[in-house]
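Have a look at the structure below before the remarks.
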Amino acid sequence: MVRKILTNKGAQIKIQQMIFMILVVFFFFILVGLFFLSIAMNNLKKSSIDLGEKGSMLLVSKLANSPEFSCGNAFGTSRINCIDFDKLMALKKNAGTYSEFWGVVKIELRKIYPESNIECQSANYPTCGIIKILDKNVKTLPYSSNFVSLCRKETSEAGIYDKCELARLMIASQDRT
Amino acid sequence: MKEELILGKRGQEEMVGFAVIIVLVSVILLVLLGFMFSNSKETGAVESYEVESLIQSSLQYTTDCETYIGFLSIEDLIIDCESDGKCIDERDSCKVLNSTLNDLITKSWNIGEKSAVKGYKLKIIVNEAERLTLKEGNETMNYKGGFQDFSRRSKNYEVFLNIYS
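If you read the sequences in order, they're chains L and D. Just so we're aligned, residue 0 is where the first sequence starts under numbering that gives the first Met the number 0, counting upward by one. Just so we're aligned, residue 0 is where the second sequence starts under numbering that gives the first Met the number 0, counting upward by one.
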């Protein structure tokens with residue numbers, strides 16, 4: 000009789016142990032699942048940002064070679080990644096007309112060599128280094144940039160010549176996350 | 000009494016087993032996490048398209064070396080250097096090329112030990128013979144490269160640039 004009670008008690012303890020184990024394992028796997036889900040969600044957010052940045056990067060190259068920016072044939076033969084400084088100054092004046100045209104919220108060009116931190120206005124052109132074409136006050140993704148050649152016509156004692164400097168074209172899209 | 004002892008011992012064994020499983024799963028999770036983070040993109044890293052565009056834009060840069068045809072671009076200066084030319088002010092075109100290219104690259108990226116860009120190496124090859132090599136900083140295994148070629152006066156010019164990070 001005593002042996003039977005002991006065996007029953009043992010079986011009950013075993014069942015309790017098993018239920019406890021199943022519950023613990025169940026919650027453990029739910030926690031692991033939640034952990035991976037949060038990582039996956041984070042990755043999804045990252046890849047959406049990456050896609051936005053890649054789009055911006057492609058747009059930088061497209062912009063530099065678009066008719067509104069590119070040198071065309073003004074400096075001899077057609078050049079890649081060449082921006083006409085005069086066109087840019089004209090575009091700066093009419094930036095409002097193009098504000099929705101490129102689908103970005105910031106377009107900026109910075110002279111790298113020779114370096115200058117003066118913002119370009121009609122009065123100080125061409126002895127300046129920063130040209131802000133679009134500068135909307137919204138939350139943006141990190142800047143995408145590309146090197147370009149910033150060319151203009153310059154006069155010297157010998158006459159008019161083409162002067163090209165090194166610059167960085169930077170654009171930023173709106174952060175919609 | 001003996002049976003109770005046996006039951007207790009079995010319970011202990013199961014708990015040890017459970018602990019082993021948790022430790023194993025945690026190790027696997029840690030390994031997976033490490034793998035995921037090691038694959039994440041480094042910020043501030045240089046992209047190949049940037050190196051490519053820097054070469055293209057630099058070749059168009061107008062230097063202060065003036066000759067009878069006007070101010071020379073880097074591309075013209077490479078050609079002038081190949082024919083051992085000089086600027087109007089008697090400066091050696093190769094020396095001007097050297098210093099201008101170095102300035103262009105160092106102004107484009109902040110090169111240094113603590114910076115994302117550790118160094119650079121630029122090579123100019125004319126008809127498969129190395130004509131000019133410029134170096135600064137450290138050469139590492141992690142680099143992005145760009146290349147641009149052009150032909151002039153029946154000679155082939157190739158410009159290679161590696162940016163080490």
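C-beta: ideal position from N, C-alpha, C; glycine also. It should be emphasised that the depicted structure is a prediction, and the values quoted were computed from it without experimental measurement.
Proximal residues to residue i (C-beta, below 8 Å), its chain only, five neighbours per side dropped
i         : result
D/Gln-147 : Glu-51, Ile-54, Gln-55, Leu-58, Glu-157 and Val-158
D/Ser-72  : Leu-58, Gln-59, Tyr-60, Thr-61 and Thr-62
Per DSSP, cross-strand counterpart(s) of residue i
i         : result
D/Gln-166 : The question about residue 166 of chain D has no answer here: the residues shown for chain D are numbered 0 through 164.
D/Val-116 : D/Ile-110
L/Cys-163 : L/Cys-150
L/Asn-145 : L/Leu-168
D/Thr-66  : D/Gly-69
D/Leu-23  : The partner list for D/Leu-23 (beta bridge, DSSP) is empty, contrary to what the question assumes.
D/Gly-144 : D/Asn-161
D/Thr-139 : Answer is none; D/Thr-139 lacks a bridge partner.
D/Leu-131 : D/Ile-123
L/Asp-174 : According to DSSP, L/Asp-174 bridges with nothing at all.
L/Ile-106 : L/Leu-133 and L/Ile-170
Residue-level contact to chain C via CB, residue i, 8 Å cutoff
i        : result
D/Thr-61 : Of the protein chains in the structure, L and D, none is chain C.
Contact under 8 Å by Cβ, residue i with residue j
i         : j         : result
D/Phe-170 : L/Met-56  : The first residue shown for chain D is 0 and the last is 164, placing residue 170 of chain D beyond what the model contains.
D/Ile-87  : D/Glu-112 : no
D/Thr-99  : D/Thr-62  : yes
D/Gly-118 : D/Tyr-163 : yes
L/Val-147 : L/Ala-166 : yes
D/Thr-105 : D/Glu-135 : yes
L/Lys-53  : L/Thr-176 : no
L/Asn-64  : L/Ile-79  : yes
D/Val-95  : D/Leu-121 : no
D/Phe-149 : D/Glu-49  : no
L/Gly-128 : L/Ser-115 : yes
L/Cys-150 : L/Cys-70  : yes
Residues near residue i by beta carbon distance below 7 Å, same chain, minus five either side
i         : result
D/Arg-151 : Ile-78
D/Leu-103 : Ser-57 and Tyr-60
Does the stretch 165-173 of chain L come close enough to the stretch 101-115 of chain L that 3 or more CB-CB pairs lie under 8 Å? By the criterion of at least three beta-carbon pairs nearer than 8 Å, the stretch 101-115 of chain L is in contact with the stretch 165-173 of chain L.
Please identify, using Cβ separations under 9 Å, the residues of the stretch 124-146 of chain L that lie next to chain D, in order along the chain. Pro-141, Ser-144, Asn-145 and Phe-146
If you measure beta-carbon to beta-carbon, which residues of the stretch 155-174 of chain L are closer than 7 Å to chain D? Result list: Ala-157, Tyr-160, Asp-161, Lys-162, Cys-163, Glu-164 and Leu-165.
Give, in chain order, every residue of the stretch 10-22 of chain L whose Cβ lies closer than 9 Å to some Cβ of chain D. Ile-12, Lys-13, Gln-16 and Met-20
Does the stretch 23-34 of chain D come within contact of the stretch 124-143 of chain L, defined as at least 3 CB pairs closer than 8 Å? no
Tell me which residues of the stretch 92-110 of chain D have at least one Cβ-Cβ distance to chain L shorter than 8 Å, keeping chain order. Asp-102, Leu-103, Lys-106 and Ser-107
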